[in-house]
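*Asks:* Protein chains in written order, with the UniProt record's numbering: chain A, 1 to 340; chain B, 1 to 340.
Note that CB positions come from ideal geometry on N, CA and C, so glycine has one too.
1. Counting only C-beta atoms, is residue 49/B closer than 8 Å to chain A at any point?
2. Could you tell me the boundaries of the alpha helix (DSSP H) in which residue 31/A lies?
3. Confirm, please, whether the CB-CB distance from residue 300/B to residue 318/B is below 8 Å.
4. The beta strand (DSSP E) spanning residue 129/B covers which residue range?
5. Tell me which same chain residues have a C-beta within less than 6 Å of the C-beta of residue 383/A, skipping the five on either side of it?
6. Below 8 Å on the Cβ atoms is my guess for residue 135/A versus residue 313/A; work out the distance and round it to an integer in Å.
7. List the residues of chain A that residue 39/B touches, going by C-beta distances under 8 Å, in chain order.
8. Please report whether the beta-carbon of residue 193/B lies at a distance below 8 Å from any beta-carbon of chain A.
9. Could you check what DSSP says for residue 242/A in three-state terms: helix, strand or coil?
10. Within 8 Å of any Cβ in chain B, is that where the Cβ of residue 206/A sits?
11. Do residue 247/B and residue 212/B have their CB atoms nearer than 8 Å?
12. To the nearest angstrom, report how far apart residue 239/B and residue 170/B are at their CA atoms.
13. Does the beta carbon of residue 65/B sit closer than 8 Å to a beta carbon anywhere in chain A?
14. Determine the burial state of residue 90/A: buried for a count of at least 16 other Cβ atoms within 10 Å of its Cβ, exposed for fewer.
15. Between 41/A, 73/A and 35/A, which lies nearest to residue 50/A when the distance is taken from Cα to Cα?
16. Cutting at 6 Å between CB atoms, please list the residues of its own chain near residue 341/A, excluding the five before and the five after it.
17. Please state the DSSP three-state secondary structure of residue 268/B.
18. Determine whether the beta carbon atoms of residue 104/B and residue 80/B lie at a separation below 8 Å.
19. Anything in the stretch 80 to 92 of chain A with a Cβ closer than 8 Å to a Cβ of chain B? List those residues in chain order, please.
20. Alpha carbon to alpha carbon, what distance is there between residue 276/A and residue 35/A?
21. Give the single residue among 64/A, 65/A and 133/A whose Cα lies nearest to the Cα of residue 231/A.
22. Considering residue 303/B, what are the terminal residues of the beta strand (DSSP E) in which it resides?
23. Counting pairs of beta carbons, one from the stretch 116 to 123 of chain B and one from the stretch 55 to 62 of chain B, are three or more of them closer than 8 Å?
24. If I follow the unbroken beta strand (DSSP E) through residue 72/B, where does it start and stop?
25. Quick one: give me the first and last residue of the alpha helix (DSSP H) that residue 94/A is part of.
26. Hey, residue 37/A and residue 254/A: beta-carbon distance below 8 Å or not?
27. For residue 327/A, return the contacting residues in chain B, with the cut-off set at a CB-CB distance below 7 Å.
28. Just the chain B side, please: which residues come within less than 8 Å of residue 114/A by C-beta, in chain order?
29. Would you say residue 250/B lies against chain A (beta-carbon separation less than 8 Å)?
30. Can you tell me which of 159/A, 320/A and 101/A puts its alpha carbon nearest to the alpha carbon of residue 260/A?
31. Taking just the CA atoms, how far does residue 207/A sit from residue 243/A?
32. Once DSSP output is grouped into helix, strand and coil, what is the label at residue 172/B?
33. Can you list, in chain order, the residues of its chain whose CB lies under 7 Å from that of residue 99/B, leaving out five sequence neighbours each side?
34. Considering only the beta carbon of each residue, do residue 53/B and residue 124/B sit closer than 8 Å?
35. Could you tell me which chain A residues have their CB closer than 8 Å to the CB of residue 94/B, listed as they occur along the chain?
36. Relative to the alpha-carbon of residue 258/B, which residue among 114/B, 202/B and 126/B has its alpha-carbon at the smallest distance?
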């Protein structure tokens, strides 16, 4: 995996912040727009289906720069309401203006939970709400609030389905670069940091050849029916080694579907698909496993908002591995991670 | 230049933050420690000069994980005081402990301006205070406070010299990727964002072959004598084209020197030196220049903390270019940038 180390602000005597945003206010929008797996999937789902959008009332939850709202207007929507709490919406207003769509798109700054749309119901809700590991700092809660309050009984959601997949990977080199590094830092023992680094899932790109098991769906969301409480979940999993190899980590990614389209449109953020800015999420195990093709790793993954901070995710993975031959020890671990 | 787009948090309906730190609290420390141009320069400046550190009292301003304090202890310092306002200092305490240096290193959480050291004076101040473009969110103000309050008259500063250099670059492809992109975003005009993007210096790596002028020192700081007010500066510059080429941007970087060392140690964050996490800083011009080898670009660069937010930097660049032949138009611009 590329060693594009991640950054944080917890450094320095004064606020010597290395937030990327501290030197690029537009970078995230540039990155999301240039993520064409993401943006073209939305564009095609919307603009290839004018028969679904023509003369419809659309709500764009978390409209950002307004790109999805403009796709909907181009697809023939009667009117689009874009809602975003961020200051970006002031730019979105200017963008909609220069693109001469102000008469068909109304942008509202505020929290979905607090604002009042000028309409009772909408026919379609579009939203790009997904976060890392699908649920980390995602806007799904907000989309569900919008759905329950505004979506007409026969209304449509774009997208309307999301799945999280789990597999395992061989990752010796990068694991030692990310975890082992702290054992000897220029001759000093940094193990007090190592144990915290271990608890933190790593968001990064993984080469498909690192995956050495099949994958298992650990969450399958139908956005039309899912409830907020379903987003805290516990799922058993069983994955099977596809070759003789070592396992150093579990790997998670998500897939998205727009099933309301004439021809269903899907995209994956997994290692077998093109790069997206969501990358994948790596959970390093403490023990390394020596697996043979056909052997199982069985376990349970639990994910819930952290106590006291609902923007953080607590993810626990308990697994057991029983090798076929007695010359390899059975392995089982109960691992706890936090995305924060 | 690699298109590693920068990220910000100004996105989404709920706090869908893409701060890198939102998924790596240790990444910045990992990145800084793994920046071996940085870390090995400090290590060598300190540990190759035990004759300067033996039995001395040292203050480490912004000690972070404590690595510099530990270098000083290893170099024979009698006692090291490490000060940092961030929570990281709790980890530093544990790290110093496991490395059995607690008797020689005292770590204090707080603002340099507010805390009281248990000593009247220190013999040496070490600090890694540099930010992007040297001064952006840097800790230099704080180092100067520490110097004026605690450094003995004949005391030493590590480092004790910093320079900012300015040159020009050819950067057509990346300029169109970063600036031109906003002209046509999936068929929409995003020019309202383009004009803001232009005002923001880009922190990124630049290939040495892109540099097509000589460089000019625009700031030269002697840390023993510099005053806080000197950090708001205005400097004339004159740079000379080294080949027939096009100029798309000005480029700034900084160089650091530890001149107190037996053998002075220097490192550069410029395009002609190895990668550092500070990269370089790019200021895109609005007009592109057609220059011939030997022709001058003359101007003035002004840098000061932004009104109302001293963590932001206002940087103005005014320049004039007079080509030798009349068939090329003279060009002059007054450009304003903000690092925020």
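*Replies:* On the basis of the coordinates in this document:
1. For this step, residue 49/B is matched to residue 49 along the second chain. Not closer than 8 Å to any Cβ of chain A, the Cβ of residue 49/B fails to qualify, so no.
2. The sequence position of residue 31/A within the first chain is 31, counting from 1. Unbroken alpha helix (DSSP H) run through residue 31/A: 27 to 34.
3. The residue labelled residue 318/B in the question sits at position 318 within the second chain. The residue labelled residue 300/B in the question sits at position 300 within the second chain. Yes.
4. One-based indexing of the second chain puts residue 129/B at position 129. For residue 129/B, no beta strand (DSSP E) encloses it, and the DSSP letter there is neither H nor E.
5. This structure cannot settle anything about residue 383/A, because the visible part of chain A is limited to 1 through 340.
6. Here residue 135/A refers to the residue found at position 135 of the first chain. Here residue 313/A refers to the residue found at position 313 of the first chain. Yes, they are in contact, since the Cβ atoms of residue 135/A and residue 313/A sit about 6 Å apart, within 8 Å.
7. Looking up residue 39/B in the second chain gives position 39. Simply 186.
8. Residue mapping note: residue 193/B aligns to position 193 of the second chain, counting from 1. Chain A contact via Cβ: present.
9. The residue labelled residue 242/A in the question sits at position 242 within the first chain. In the structure shown, residue 242/A sits in coil (DSSP, three-state: anything other than H, G, I, E or B).
10. Reading the first chain from its first residue, position 206 is the one you call residue 206/A. Residue 206/A does not count as touching chain B.
11. One-based indexing of the second chain puts residue 247/B at position 247. One-based indexing of the second chain puts residue 212/B at position 212. Yes, they are a contact pair.
12. Locating residue 239/B in the second chain gives position 239, counting from the first residue. Locating residue 170/B in the second chain gives position 170, counting from the first residue. When rounded, the distance between both Cα atoms is 14 Å.
13. As a working mapping, residue 65/B is identified with position 65 in the second chain. So, interface residue.
14. To locate residue 90/A, count along the first chain from 1; it is residue 90. It counts as exposed.
15. In the first chain, the residue the question calls residue 50/A occupies position 50. For residue 50/A, the nearest C-alpha among the options comes from 73/A.
16. Look at the range of chain A in this structure, 1 to 340, and you will see that residue 341/A is not part of it.
17. The sequence position of residue 268/B within the second chain is 268, counting from 1. Here DSSP, grouped into helix, strand and coil, assigns residue 268/B to strand.
18. Position 104 of the second chain, counting from 1, holds the residue named residue 104/B. Position 80 of the second chain, counting from 1, holds the residue named residue 80/B. In this structure, residue 80/B lies closer than 8 Å to residue 104/B by Cβ.
19. 83, 84, 85, 86, 87, 88 and 91
20. Here residue 35/A refers to the residue found at position 35 of the first chain. Here residue 276/A refers to the residue found at position 276 of the first chain. Distance from the CA atom of residue 35/A to the CA atom of residue 276/A, rounded to whole angstroms, is 6 Å.
21. As a first step, residue 231/A is located in the first chain; it is residue number 231 there, counting from the start. Among 64/A, 65/A and 133/A, the Cα nearest to that of residue 231/A is on 133/A.
22. Taking the first residue of the second chain as position 1, residue 303/B is located at position 303. In the DSSP assignment, residue 303/B falls within the unbroken beta strand (DSSP E) covering 296 to 306.
23. yes
24. Here residue 72/B corresponds to residue number 72 of the second chain, with the count starting at 1. Element bounds for residue 72/B: not the beta strand (DSSP E) but the alpha helix (DSSP H), 67 to 74.
25. Numbered from its first residue, the first chain carries residue 94/A at position 94. Run containing residue 94/A: 88 to 98, per the alpha helix (DSSP H) assignment.
26. As a first step, residue 37/A must be located in the first chain, where it is residue number 37. As a first step, residue 254/A must be located in the first chain, where it is residue number 254. No. Outside cutoff.
27. Residue mapping note: residue 327/A aligns to position 327 of the first chain, counting from 1. Correct list: empty, because the minimum Cβ distance to chain B is about 36 Å.
28. Locating residue 114/A in the first chain gives position 114, counting from the first residue. Chain B residues near residue 114/A: none, gap ~11 Å exceeds 8 Å.
29. One-based indexing of the second chain puts residue 250/B at position 250. Output row for residue 250/B: interface = no.
30. Mapped onto the first chain, residue 260/A falls at position 260. Of the listed residues, the one whose Cα sits closest to residue 260/A is 159/A.
31. Position 243 of the first chain, counted from the start, is the residue given in the question as residue 243/A. Position 207 of the first chain, counted from the start, is the residue given in the question as residue 207/A. If I take the Cα positions, the gap works out to 16 Å.
32. By 1-based counting over the second chain, the position of residue 172/B is 172. Here residue 172/B sits in helix by DSSP.
33. Sequence index remark: in the second chain, residue 99/B carries index 99 (1-based). Excluding sequence positions up to five before and after residue 99/B, its CB lies within less than 7 Å of the CB of 70, all in the same chain and listed in chain order.
34. Position 53 of the second chain, counted from the first residue, corresponds to residue 53/B. Position 124 of the second chain, counted from the first residue, corresponds to residue 124/B. Yes. Within cutoff.
35. The sequence position of residue 94/B within the second chain is 94, counting from 1. Ordered by position in chain A, the residues that pass the 8 Å Cβ test against residue 94/B are 192.
36. Translated into positions along the second chain, residue 258/B becomes position 258. For the residues 114/B, 202/B and 126/B, the minimum Cα distance to residue 258/B belongs to 126/B.
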